[in-house]
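Engineer: Pasting a structure below so you can have a look.
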Amino acid sequence: MVMRYDGGLQAREFLLDSYNCAGDSTEGGCERWEGPKCRSNGDKYETKTITATDVSSTKHSTYNESVTLYDCKDMCWKDCECLGVYAGDDNKYEVGCLFLIGVYVEGDIRGDSYQLITTPHRSNESKRKLLDWSMRGYMAPEYAMEGIFSVKSDVYSFGVMMLEIVSGKKNTSNFQFDRPINLVGYAWELWKHGASLELVDPTLSDSCCKSQVLRCITLGLLCVEDSPLDRPTMSDVISMLNGEMQLPLPKRPAFSIARNMVDETNSMVEKEKENYTINGRLSMSEMDPR
């Protein structure tokens, strides 16, 4: 008979859950099982394929050939830092328990199998925190909300940095429009109203080539679009910077706080026309949100 991580007792196919004891008395052999305060109703283990990120970490328990997966899950359950336990059936991590701590990417077919502790309520709270972090930083929306990471996630980060370079401001800066918005949202609002040059760092405004700066701003907005499929590849980014490819019209970016307050019809958008001359090539784009 084995005690499971949730306090239940299991003997082969037979399972006695902790609630069968009701926790009222120990006279009949039952003892009330108290879980750690960091666990709540609805918490459970689920098998998922994940890849640890650079900001995550793993730690081993003491190597012991007699330790089972149930033992590992029990130890993880009691450790509030632990997110899950390695559940692979190979000897990749030798003998013992391997606990996951930190951020991970879910769904990578090249990843490892883990038993992860999932909590519906805490997951929503974590998403809220990640969303807030993303609106202020470089994290792509699909990674913040769904844990999906791709090369287009890096394109998003590149777009944010490009807007920061042009403006001399961090994405964490607050700008006032009709409400406080971040740098990405501010760049979008200025672009819609044909005032993109207001974004430029004053130390650059007198010496820069305006057409090149406008190209960089537009390209930055293309890179931070909500859908990864709409963002350009890095090879396209290079071609656009060199003037070898015409810039498409950017869509409303991810994490633009005012995004739901503005109608998408052309009647509410001022058209912006600019000549782009880079490396001796001339192209004309009519700037109008899609």
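Going by full-length UniProt numbering, the sequence shown opens with residue 1, and the numbers climb by one from there.
Quick reminder that beta carbons are idealized off the backbone N, C-alpha and C, glycines included.
Are the stretch 146-156 and the stretch 200-219 touching by the rule of at least three beta carbon pairs closer than 8 angstroms?
Structural biologist: The stretch 146-156 vs the stretch 200-219: no contact.
Engineer: Rounded to the nearest angstrom, what separates THR68 and SER113 at their Cα positions?
Structural biologist: Cα to Cα, THR68 sits roughly 16 angstroms from SER113.
Engineer: Is the Cβ-Cβ distance between VAL200 and VAL166 less than 8 angstroms?
Structural biologist: A contact, by the Cβ cut-off of 8 angstroms.
Engineer: Would you list the one or two residues that DSSP bridges to GLU142?
Structural biologist: DSSP, once it has assigned bridges, lists no residue as partnering GLU142.
Engineer: First and last residue of the alpha helix (DSSP H) that includes LEU219?
Structural biologist: Note, LEU219: alpha helix (DSSP H), 210-223.
Engineer: Is the beta carbon of GLU164 closer than 8 angstroms to that of ASN171?
Structural biologist: In contact: ASN171 and GLU164 (Cβ atoms closer than 8 angstroms).
Engineer: In angstroms with no decimal places, state the Cα-to-Cα distance between LYS44 and TRP188.
Structural biologist: Taking the straight line from one Cα to the other gives about 42 angstroms.
Engineer: In three-state terms, what does DSSP make of LEU69?
Structural biologist: Note: LEU69 maps to helix in three-state DSSP.
Engineer: For the alpha helix (DSSP H) containing THR203, list its first residue and its last residue.
Structural biologist: 202-205 is the extent of the alpha helix (DSSP H) around THR203.
Engineer: Note the first and the last residue of the continuous beta strand (DSSP E) segment covering ASP112.
Structural biologist: Run containing ASP112: 112-118, per the beta strand (DSSP E) assignment.
Engineer: Going by beta carbon distance, what residues of the same chain come within less than 7 angstroms of ALA87, once the five residues before and after it are set aside?
Structural biologist: These residues qualify, in order along the chain: THR47, LEU69, SER113, TYR114, GLN115.
Engineer: Write down the C-beta distance between LEU221 and PRO250 rounded to the nearest angstrom, noting that I regard them as a contact closer than 8 angstroms.
Structural biologist: Yes, they are in contact, since the Cβ atoms of LEU221 and PRO250 sit about 4 angstroms apart, within 8 angstroms.
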